[in-house]
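If you read the protein sequences in the order shown, they are chains A and B. Quick note, in my numbering, the first sequence goes up one by one and the last residue is 620. Quick note, in my numbering, the second sequence goes up one by one and the last residue is 620. Every residue gets a Cβ at the ideal spot worked out from N, C-alpha and C, and that includes glycine. To start, the structure under review is shown below, and the notes come after it.
2 protein chains.
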Amino acid sequence: MECQHKAEHEGAARRAIENMPPEGEVERVAAIFKTISEPSRLKILFALRHGEMCVFHIVEAVGGAQSAVSHQLRLLKANGIVKSRRDGQNIVYSLADEHVVAVLELACTHLHCKL
Amino acid sequence: MECQHKAEHEGAARRAIENMPPEGEVERVAAIFKTISEPSRLKILFALRHGEMCVFHIVEAVGGAQSAVSHQLRLLKANGIVKSRRDGQNIVYSLADEHVVAVLELACTHLHCKL
DNA sequence: TCAATATATGAATAACTGTTCATATAGTAA
DNA sequence: TTACTATATGAACAGTTATTCATATATTGA
């Protein structure tokens, strides 16, 4: 049985269906946001805003166990949020690109808080 | 015992600690990202890009049970991602502000995919 | 080679979260 | 009021995930 809604918004509904990204793309975007949606990982990103850092200093900056930070860094890297390079005994991490900072800043603007 | 890292990056580490947002602010930002990090909720946002829609049409656009969509809408609204107004028997939802679209577009750019 | 530092990883547990089912609330028309 | 449509909500279960602990790998210096 048909619904009794006003026809006004059916155009929007139709366009929404036609332009819905394929399932895989939605899940890729979702994975990005999920990766940066945990306070512990978000702190790492806030820390890396100020320049590249090795794991030891990241642990200092965000607190928590070295093992936990390492697990989180692996997730961030696997999802393309951060990148890393070896420098002697250290692994130096940095934000993958400028989009990351831009997204963080937009979210803060949305919340009316200063980064 | 002191670590043996190069001093190069200690400036970044110090700045990171000094500029780390307070715990509450980190968690508010994290909550925003967590809210938009589920494929089902993300689909709702992709759908609402094309204009406001009532729940019935959102269900049509994203699939799934009405109850599930309603739960998701509640979360989205509680976190300030969408807003709603009543229109007769219908509740019409729309994106809360332009930041939401901007964040989605940035994430897609990051993934090199067209929105 | 050995010892020390730096980082990563596997497994296990505890906490969290999305969905479903059943039901409740609210508006509309008769 | 009653019947119907539209939306919301509470509880419970299943699946996911972050952390901890113990251990492994890799680099450096002696």
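Across the set A/Gly556, A/Arg533 and A/Asp602, the C-alpha of A/Gly556 shows the shortest separation from the C-alpha of B/Ile522. Around the C-beta of B/Glu543, 16 or more other C-beta atoms lie within 10 Å, and the residue is accordingly described as buried. Residue A/Lys548 holds the alpha-carbon nearest to the alpha-carbon of B/Pro527 among A/Phe538, A/Gly516, A/Arg520 and A/Lys548. The segment 575-582 of chain A and the segment 561-572 of chain B do not touch, with fewer than 3 CB-CB distances between them shorter than 8 Å. One Cα belongs to B/Ala583, the other to A/Val608, and the distance between them is close to 21 Å. Listed in chain order, the non-local C-beta contacts of A/Ala566 below 6 Å within the same chain comprise Ala552, local neighbours out to five positions each way being set aside. In the structure shown, B/Ile596 adopts extended strand secondary structure according to DSSP, grouped into three states. The C-beta of B/Gly556 comes closer than 8 Å to at least one C-beta of chain A. Bounds of the alpha helix (DSSP H) holding B/Pro544 are Pro544 to Leu553. Within chain A, no residue has its CB atom less than 7 Å from the CB of B/Ile596, the nearest being about 11 Å off. Chain A has no Cβ within less than 8 Å of the Cβ of B/Leu581. For B/Ile537, the enclosing alpha helix (DSSP H) has its first and last residue at Glu528 to Thr540. Here B/Lys582 carries a helix assignment [DSSP, helix/strand/coil].
Contact check for B/Ile537 against A/Leu616 passes: the beta carbons are separated by less than 8 Å. In this structure, A/Val587 sits near A/Ala601, with a CB-CB distance shorter than 8 Å.
With 16 or more other Cβ atoms from the protein chains shown falling within 10 Å of its own Cβ, A/Arg533 counts as buried.
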